[in-house]
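Numbering (our numbering), first residue to last: 1269 to 1493. Here's the structure, in structure tokens; my notes come after.
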């Protein structure tokens, strides 16, 4: 299976295949049966939520491409602008704490704060690398609503090397406390980034005595490279 930059940059931390990867065929089969069982009562509301999430992702793609393609910005300005943009459409703290698993509760606050800052830089590098490779060709193909505030928006991106099969990319869109759409995870070719990170990070911490500070140093090194 092809492993695009969105995932391979994170996956290489342990060298192992991510655990707990969702089987899309099984998932959509179960979801489809559940929706049919509910009847038509919920269809108008679901369509509205799905349309909102799809529009949000279309805007994200357009804005991300505009920033990275802005020739009036130098490299430093472009990186800063993209960082500010990404922080406005994601919840990095929520995702970072999720990736630490049970270690999030047992780690001293100063180490957690340092990890959050390091994780943010790490994930921004992943998103920027992915947008740089595929952003211009990402197209929204539809969506699936898991709940009123939880929608999976499905997209496709052309292979930059010219292969005929497009990459399958999905964005998980949820609502924050202010009622704004945010991206909480991204799936590339069947692999959810945050779930893959959690598997890799927890395995790393298991092997290093739960030392989150050591994990932060590792992520800083990988971000720099």
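Quick reminder that beta carbons are idealized off the backbone N, C-alpha and C, glycines included. None of these values were measured; they are calculated from a predicted model.
Cβ neighbours of residue i in the same chain (closer than 8 Å, five flanking residues each side left out)
i	result
residue 1433	1427
Neighbourhood of residue i by C-beta distance below 7 Å, restricted to the same chain and skipping five residues each side
i	result
residue 1351	1392
residue 1404	1333
residue 1318	1411, 1413 and 1419
residue 1493	none
Range covered by the beta strand (DSSP E) that runs through residue i
i	result
residue 1438	1435 to 1443
residue 1420	1418 to 1425
Extent of the continuous alpha helix (DSSP H) run through residue i
i	result
residue 1474	1461 to 1475
residue 1458	Element bounds for residue 1458: n/a, residue is neither H nor E.
Environment of residue i [buried if 16+ CB atoms lie within 10 Å]
i	result
residue 1475	exposed
residue 1386	buried
residue 1484	buried
residue 1306	Low confidence applies here, because residue 1306 scores a pLDDT of 35, under 50, leaving its location unreliable; read the following figure in that light. Result: exposed.
DSSP state of residue i mapped onto helix, strand, coil
i	result
residue 1228	In the structure as shown, the chain starts at 1269 and stops at 1493, and residue 1228 therefore has no counterpart that could be examined.
residue 1489	helix
residue 1375	coil
residue 1450	strand
Chain-order list of residues whose beta-carbon lies under 6 Å from that of residue i (same chain, five-residue window excluded)
i	result
residue 1440	1420, 1452 and 1453
residue 1322	1408, 1411 and 1421
residue 1449	1324 and 1441
residue 1365	1372
Proximity test, residue i beta-carbon vs the ligand ATP heavy atom, cut-off 8 Å
i	result
residue 1432	Here there are no bound small molecules, and the ligand ATP is not part of this structure.
Below-9 Å beta-carbon distance, residue i vs any chain C residue
i	result
residue 1477	Chain labels in this structure do not include chain C; a single protein chain is all it has.
May I ask you to verify whether the stretch 1459 to 1473 touches the stretch 1358 to 1374, counting CB pairs closer than 8 Å and requiring at least 3?
Three or more Cβ pairs closer than 8 Å define a contact, and the stretch 1459 to 1473 meets that threshold against the stretch 1358 to 1374.
Assess, as a yes-or-no matter, whether the stretch 1378 to 1398 is touched by the stretch 1352 to 1365 under the definition of 3 or more beta carbon pairs within less than 8 Å.
The answer is yes - the stretch 1378 to 1398 touches the stretch 1352 to 1365, with three or more Cβ pairs under 8 Å.
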